[in-house]
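Residues in the sequence shown are numbered from 102 upward in steps of one, following our numbering.
What follows is a short report on a single structure.
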Amino acid sequence: MKIAINGGHYPGLDSGAVGATGLQEAIVTQDLMKRVARYLRTVWYDVTEIQENELYQITDASNNFGAELFISIHCNSAASTSARGTETYCYQLGGVGERLAGCIQSQIIKSLGTVDRGVKTANFAVIRDTDCPAVLVETAFISNKEDEKLLADSTKRDEFAKAIARGITDLVAMGL
Ligand SMILES: [Zn+2]
Numbered sequence: 102m103k104i105a106i107n108g109g110h111y112p113g114l115d116s117g118a119v120g121a122t123g124l125q126e127a128i129v130t131q132d133l134m135k136r137v138a139r140y141l142r143t144v145w146y147d148v149t150e151i152q153e154n155e156l157y158q159i160t161d162a163s164n165n166f167g168a169e170l171f172i173s174i175h176c177n178s179a180a181s182t183s184a185r186g187t188e189t190y191c192y193q194l195g196g197v198g199e200r201l202a203g204c205i206q207s208q209i210i211k212s213l214g215t216v217d218r219g220v221k222t223a224n225f226a227v228i229r230d231t232d233c234p235a236v237l238v239e240t241a242f243i244s245n246k247e248d249e250k251l252l253a254d255s256t257k258r259d260e261f262a263k264a265i266a267r268g269i270t271d272l273v274a275m276g277l
């Protein structure tokens, strides 16, 4: 099984959202990407880690690799600092992408106890222009104090990574 894992944004060039403590989304997503990849490799998946500054570089890398599933990892941000929780996006409902999003979403809610904002659709380039079923996970809100605390904690980040990896293996176990 070939899996592409994308850490959103690019350290040094595009920090992504920044929390009140200065925590940068790109640093969190890079760490989560590496951890998810490590867990998936332990169960013999063929994993590529993709972190690029341009969106077309991300989708090209995934498509050239021949990924069978694509997962982009982000941290959410909102003007309202009370917004918090986890949401997972697929490009359209009714397919493998939606099921993958559901598997990852429920594993994160189960293990981290974050607010369940559900599975949603979006016209994001990374999930639209990839050739395989693709999702974008908004792990938690870096703009919310409590969520930022989770994202800053390496033990919690490891739980996020394990939950994402389990979501992927859950989907594969059910059959694509
Ligand atoms: Zn992002």
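Just so it is clear, CB atoms sit at the ideal spot from N, CA and C, and this is done for glycine as well.
Between the segment 234-242 and the segment 179-191, the count of Cβ pairs shorter than 8 Å is three or higher; the stretches touch.
Within the model, the alpha-carbon separation for Cys-204 versus Tyr-140 is close to 16 Å. Its chain contains Thr-222 as the residues whose beta carbon lies nearer than 7 Å to that of Gln-193, once the 5 sequence neighbours on both sides are disregarded; these appear in chain order. Secondary structure note for Thr-130: its alpha helix (DSSP H) is the uninterrupted segment 126-143. With respect to Cys-233, Ala-274 sits apart: the two C-beta atoms are not nearer than 8 Å. Those residues that have a beta carbon less than 6 Å away from any non-hydrogen atom of ligand 1 are, in order along the chain, Gly-109, His-110, Gly-117, Glu-126, His-175. Assignment of beta-bridge partners to Phe-171 by DSSP yields Ala-105, Ala-235.
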